[in-house]
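Note sheet for the following structure.
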Amino acid sequence: MKKHAPGDDRPGRPAPAGSHGVTDRNVQVWIATLLRAGVIAAACIGLAGGAAHLVRHATDVPSYASFHSEPDALRHVAGVIRGAVSLNTAALTQAGLLLLIAVPLFRVAVSIIAFALERDWLYCVVTALVMGVLLFSLLGGRL
């Protein structure tokens, strides 16, 4: 019987001692599942909010003479979440978009954790830098 080689992540093979069961294959599956679930959830929430908004405002006639921005409550993440919980249709649509934006952040966060569990510190640091750049850009350079 062959010994289990480090990095051998074939199904049915035990993980090497001290690896916490983390293999490249496991990480790929975790990330794929996260991306799939996040995009599906974002699409469902956004589409539900958009469809409900169209149903509620189907007979409204838009006025293009003046611009009306979003209410203050929907300009911040906390307000969008409160509105989505109360089933505000505009907030639900925005919550779907926020979730879609957050999916890559979750992916990078999972990668940092996976690299730390694998004790691959170089990739852990590089991925943490990527997370910093993403957060910096999302917060408009106000870190």
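In the numbering used here, the protein residues as written are 1 to 143. Yeah, the Cβ is synthetic: ideal placement off N, Cα and C, and Gly gets one too.
What first and last residue would you give for the alpha helix (DSSP H) that runs through residue i?
i     : result
Asp24 : Asp24 to Arg56
Leu92 : Thr89 to Leu117
By Cβ distance, which residues of its chain are closer than 7 Å to residue i, with the 5 residues on each side in sequence left out?
i      : result
Gly38  : Leu99, Val103 and Phe106
Gly50  : Thr93
Leu74  : Val80, Gly83, Ala90, Ala91 and Gln94
Gly140 : none
Just to confirm, is the Cβ distance from residue i to residue j under 8 Å?
i      : j      : result
Ala43  : Gly83  : no
Phe136 : Tyr123 : no
In its own chain, which residues sit with a C-beta less than 8 Å from the C-beta of residue i, not counting the 5 before and 5 after it?
i      : result
Ile112 : Cys124, Thr127, Ala128 and Met131
Leu134 : Pro104, Leu105 and Val108
Trp30  : Val110 and Ala114
Ile101 : Leu138
Express the C-alpha separation of residue j and residue i in angstroms, rounding to a whole number.
i      : j     : result
Val148 : Pro71 : Limits of the chain in this structure are 1 at one end and 143 at the other, which puts residue 148 out of reach.
Arg56  : Leu47 : 14 Å
Pro62  : Ala41 : 30 Å
Can you tell me which of the options puts its alpha carbon nearest to the alpha carbon of residue i?
i     : options                : result
Asn88 : Ser63, His53 and Arg25 : His53
Hey, would you say the C-beta of residue i is under 7 Å away from at least one heavy atom of the ligand FAD?
i     : result
His53 : As far as ligands go, the structure on display features none, and thus does not contain the ligand FAD.
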